[in-house]
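Enquirer: The listed protein sequences correspond, in order, to chains A and B.
Position 397, counted from 1, in the first sequence is what the UniProt record's numbering calls 397; the numbers after and before it change by one each time, with no gaps.
Position 170, counted from 1, in the second sequence is what the UniProt record's numbering calls 170; the numbers after and before it change by one each time, with no gaps.
Quick one: structure below, then a few questions.
There are 2 protein chains.
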Amino acid sequence: MLEKRKPIQVAEAVEKVMRYKQSGAVEFVSIKESHGRYLGKDLTATSDVPHFNRSPYDGFAVRSIDTKEASLQNEVVFEVVDHIGAGYVSSKKIGPMQAVRIMTGAKIPDSCDCVVMLEVARSFEDGDQSYMSIKRSFNAGDNVSFQGEDAKKGEVLVEKGTKINPGIQAILATFGYAEVPVAKGPVIGLFATGTELLEVEEELEDGKIRNSNSTMLIAQIERVGADVKYYGKLPDEFDTCYEAIATAIDDVDILITTGGVSVGDFDYLPAIYEKLQAEVLFNKVAMRPGSVTTVAQINGKLLFGLSGNPSACYVGFELFARPIIRYMLGCRSPHLRKETAILQQDFPKANPFTRFVRADVYVTNGSLMVRPSGVDKSNIVMSLARANAFMALPGGTRGYGVGDIVDVFMLEDFVGSNWPW
Amino acid sequence: MLEKRKPIQVAEAVEKVMRYKQSGAVEFVSIKESHGRYLGKDLTATSDVPHFNRSPYDGFAVRSIDTKEASLQNEVVFEVVDHIGAGYVSSKKIGPMQAVRIMTGAKIPDSCDCVVMLEVARSFEDGDQSYMSIKRSFNAGDNVSFQGEDAKKGEVLVEKGTKINPGIQAILATFGYAEVPVAKGPVIGLFATGTELLEVEEELEDGKIRNSNSTMLIAQIERVGADVKYYGKLPDEFDTCYEAIATAIDDVDILITTGGVSVGDFDYLPAIYEKLQAEVLFNKVAMRPGSVTTVAQINGKLLFGLSGNPSACYVGFELFARPIIRYMLGCRSPHLRKETAILQQDFPKANPFTRFVRADVYVTNGSLMVRPSGVDKSNIVMSLARANAFMALPGGTRGYGVGDIVDVFMLEDFVGSNWPW
């Protein structure tokens, strides 16, 4: 007798998984290793920026009061008493009609309150003494980058959960974060099941295929920001699979298997979940591909039973495993980023189920366009190469055509969407 | 006397740099290490996929000729002579009115030419013998995934220069690429110059700031796909800088320095280029920030003199260094990806130069929107944190307003644009 499974909707399945969300841990890594990680805490300014009144130009620091009489008709001369570059501080006390030649980035002497740009001053020497003259007046604060004008000490600059990009690296360095608090990547255990699986380096044999799901999932897990503990492949044998899975559960935060979740004669995952006394949250989702995607939990730990079919495996991971992993990494919008795009290719096939078609989203004249990234048969891995999104085509229609507006879910993304989609 | 420099347009500057483009080398890495690298060669299919006629469903493999009499009125019975799962090959020769129970992914026996899905067959036993019966006929090829239908041996599946994503990882595994040809990242040497620079772990001092450009550039170089050789920071002293730079040139493919390229009293890079007998391609670009960006070449090796100002440094790298590095990685469209977006914030400031404003591009109702990612002063690193693009605002206007269509250049991108933009 064929087992009859009751399919649930994609959104309901996502919600069932997200009930088991947990905050992840935070660890410290050196700033050099923090690029690409997720901020474990809000990033706050540890000082004002600038932390002293700084010259934004090459020029002369003076007291504005001494410039008041300067005009086109009245050239006013200053004695240049010091000459400093960025990184130096003048030790001179600047008096009336005195100036410090100062370079971009240098600290403006406390006794000065404005900077005359090099271009508007005339420099000259008389013997060993340098002078400069101007023909216009300046106000206090002219050409001064004031302490704290860019950032105030204590200000939150970047929120926890943000992926660290080069700009954030610059901020971390500016504020002295030699050690950076980052989200500790949850450890995702991974098994591929299937007697048909060969290792990548093995020669093909009749009836067997190379294990591509493990390599693909390792990259998907890395892309989402978690760590992988790969346990290898398992044959379709109940005892072998049960022992391996039961042993691995304790060592990981989430366990993913591929294959063995359908209703075939050698699909042992359902029986393994039963023997583990795991609660199956769902074992059929109203979608293609990936309808057999199964998720179970045991003491709050999630077991993802993804399809052995590469495309179904890929989709199942991104829809259901990605958001809970991103949540553990502290992301405030952990779900796949949802946008709309204009379909650029007819998709005539009717389907009772919602299809998640591997798709290529691109921009033309400022608008998102989408087309399938290959032939959409669920066993075709080739279409995954060019996929940077799924397009969701709800079931119950007679197909879709060029110009239709469809939902797309972005894969190469670190921004995400909030729930509900 | 202030040196007068002649600014050139951004596009002209990019072209001058790209004249020195060179093909990069290819190296082999294990498939585990290839995720995120750039394909060094076109990826070709090393076998057909599937490489045998495969069952796409759980069911029974039979000879279609034996089903021809089956109908609702005429149930036809088959003797089930074997039972195989994926990975197994039946050793039986299938004769008339015989069937092999077969699971998804298993090889269809050579003597069969179609598969009866489990759902449309009735299975029953008689003593030790299994039988199945059907009430409809099948044609040769029904429910068969034919050898080579997904990919043909020798077919080019993914082009050289493509960034390796999880889907490509799956393809590499499928075709047995245990060792993957990838572009060897060019080695980018990096110095930060400036007496004002402190290390990240040092306490702030009056007049000094922490070196944020190095950390930022290391991340930018990594993001673009190259390797960094970081030499540390240098004080604004001619001899020290000259010796360090002259020594480093031979060890790297491209040398980047930050700071020291303007016309300040302690900006020694122009004199260093002269002493090195390097040809300066340009030393002023008609843009903000980054107008002092300087590029020189010596024996065909490029020296990038980026501004010491963080934002100008950031922009200079992305506009001028990124495309030549991406070219060396084999990318066919190495330039910053250019799109158009709708401005969502007034930008009233007039400017004679084209501005490259750090910007946040996002999507609303399927259209790209853009806003500045922070206050646009070139010394404000904070705006870099949220920047995923630049918006280019050509000079010579009285400013820009909400609803204007502007060019944007995407930073978190691996697709790129061709030239000319």
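Ideal Cβ positions, reconstructed from N, Cα and C, are used throughout, including at glycine.
Remember, it's a predicted structure, so these values are computed and weren't measured experimentally.
Is residue 418/A helix, strand or coil by DSSP?
Expert: It is coil, neither helix nor strand.
Enquirer: What would DSSP say about residue 261/B, mapped onto helix, strand or coil?
Expert: Of the three classes helix, strand and coil, the one that applies to residue 261/B here is coil, per DSSP.
Enquirer: Under the assumption that residue 385/A contacts residue 410/A (Cβ atoms under 8 Å), give the Cβ distance between them as a whole number of angstroms.
Expert: With a Cβ gap of about 17 Å, residue 385/A and residue 410/A do not count as contacting.
Enquirer: If we count the other Cβ atoms within 10 Å of its Cβ and call it buried at 16 or more, is residue 282/A buried or exposed?
Expert: Buried, since its Cβ has 16 or more Cβ neighbours within 10 Å.
Enquirer: What residue does the beta strand (DSSP E) around residue 114/B start on, and which one ends it?
Expert: Where residue 114/B is concerned, the enclosing beta strand (DSSP E) stretches over 114-117.
Enquirer: If I follow the unbroken alpha helix (DSSP H) through residue 217/B, where does it start and stop?
Expert: Start and end: 213-224.
Enquirer: Taking only the alpha-carbon atoms, compute the straight-line gap between residue 421/B and residue 338/B and give it to the nearest angstrom.
Expert: For residue 421/B and residue 338/B, the distance between alpha carbons rounds to 7 Å.
Enquirer: Given a limit of 8 Å on CB to CB distance, which residues of the segment 96-108 of chain B reach chain A?
Expert: Listed by position along the chain: 101, 103, 104, 105, 106, 107.
Enquirer: With 7 Å set as the bound, which would you pick, yes or no: does the beta-carbon of residue 168/B sit closer than that to a beta-carbon of chain A?
Expert: Cβ-Cβ to chain A under 7 Å: yes for residue 168/B.
Enquirer: Please classify residue 290/A as buried or exposed, where buried requires at least 16 other C-beta atoms within 10 Å of its C-beta.
Expert: Counting Cβ neighbours within 10 Å, residue 290/A comes out buried, since at least 16 surround it.
Enquirer: Residue 209/A bridges to which residues according to DSSP?
Expert: According to DSSP, residue 209/A bridges with 197/A.
Enquirer: Hey, residue 343/A and residue 370/A: beta-carbon distance below 7 Å or not?
Expert: Result yes, Cβ atoms of residue 343/A and residue 370/A sit closer than 7 Å.
Enquirer: Considering only the beta carbon of each residue, do residue 181/A and residue 92/A sit closer than 7 Å?
Expert: Taking 7 Å as the Cβ cut-off, residue 181/A and residue 92/A do not qualify as a contacting pair.
Enquirer: Please name the residue in 49/A, 288/A, 227/A, 259/A whose C-alpha comes closest to that of residue 155/A.
Expert: The residue with the shortest Cα to Cα distance from residue 155/A is 49/A.
Enquirer: What number of angstroms, rounded off, separates the C-alpha of residue 340/A from the C-alpha of residue 256/B?
Expert: Approximately 41 Å, taken between the alpha carbons.
Enquirer: Over the uninterrupted alpha helix (DSSP H) stretch that includes residue 133/B, give me the two end residues.
Expert: No alpha helix (DSSP H) contains residue 133/B, which is instead part of the beta strand (DSSP E) from 129-134.
Enquirer: Would a check of beta-carbon distances place residue 208/B closer than 7 Å to chain A?
Expert: Closer than 7 Å to some Cβ of chain A, the Cβ of residue 208/B qualifies, so yes.
Enquirer: Please name the residue or residues paired with residue 43/B in a DSSP beta bridge.
Expert: According to DSSP, which records beta bridges pairwise, residue 43/B is partnered with 158/B.
Enquirer: Can you find a C-beta in chain A that's less than 7 Å from the C-beta of residue 310/B?
Expert: Closer than 7 Å to some Cβ of chain A, the Cβ of residue 310/B qualifies, so yes.
Enquirer: Counting only C-beta atoms, is residue 266/A closer than 7 Å to chain B at any point?
Expert: So, interface residue.
Enquirer: Can at least three beta-carbon pairs, one atom from the segment 70-86 of chain A and one from the segment 143-159 of chain A, be found at a separation below 8 Å?
Expert: Touching, no.
Enquirer: Could you tell me which residues DSSP puts in a beta bridge with residue 51/A?
Expert: DSSP lists no partner for residue 51/A.
Enquirer: Use the C-beta contact count for residue 424/A: other C-beta atoms within 10 angstroms, 16 or more gives buried, fewer gives exposed.
Expert: Since the first residue of chain A shown is 1 and the last is 421, residue 424/A is not available in this structure.
Enquirer: For residue 163/A, name the three-state secondary structure that DSSP assigns.
Expert: Residue 163/A falls in the strand class under three-state DSSP.
Enquirer: Determine the burial state of residue 72/B: buried for a count of at least 16 other Cβ atoms within 10 Å of its Cβ, exposed for fewer.
Expert: Residue 72/B comes out exposed.
Enquirer: Compile a chain-ordered list of the residues in the segment 147-161 of chain B whose CB is closer than 8 Å to at least one CB of chain A.
Expert: Flagged, chain order: 150, 151, 157, 158.
Enquirer: Please classify residue 138/B: does DSSP put it in a helix, a strand, or coil?
Expert: Coil, per DSSP.
Enquirer: Under the rule that 16 or more other beta-carbon atoms within 10 Å means buried, what is residue 107/B, buried or exposed?
Expert: Residue 107/B comes out buried.
Enquirer: For chain B, check one thing: does any of its Cβ atoms lie closer than 7 Å to the Cβ of residue 220/A?
Expert: By this cut-off, residue 220/A is an interface position.
Enquirer: Unbroken alpha helix (DSSP H) runs of length 4 or more, entirely within the segment 300-358 of chain B: which are they?
Expert: Listed in chain order, they are 310-316, 322-328.
Enquirer: Does the beta carbon of residue 5/B come closer than 7 Å to any beta carbon on chain A?
Expert: Not closer than 7 Å to any Cβ of chain A, the Cβ of residue 5/B fails to qualify, so no.
Enquirer: How is residue 412/A classed by DSSP in three states: helix, strand or coil?
Expert: Three-state DSSP puts residue 412/A in coil, outside helix and strand.
Enquirer: Under 7 Å, Cβ to Cβ, is there at least one residue of chain B near residue 367/A?
Expert: Taking Cβ atoms only, chain B reaches closer than 7 Å to residue 367/A, which makes this a yes.
Enquirer: Spell out whether any CB of chain A is found under 7 Å from the CB atom of residue 385/B.
Expert: Closer than 7 Å: yes.
Enquirer: My understanding is that residue 287/B touches residue 17/B, with C-beta atoms under 8 Å, so please give their C-beta distance in whole angstroms.
Expert: Contact doesn't hold; Cβ gap of about 14 Å is too wide.
Enquirer: Counting pairs of Cβ atoms below 8 Å between the segment 161-178 of chain A and the segment 202-215 of chain A, do you hit three or more?
Expert: Contact fails: fewer than three Cβ-Cβ distances are below 8 Å.
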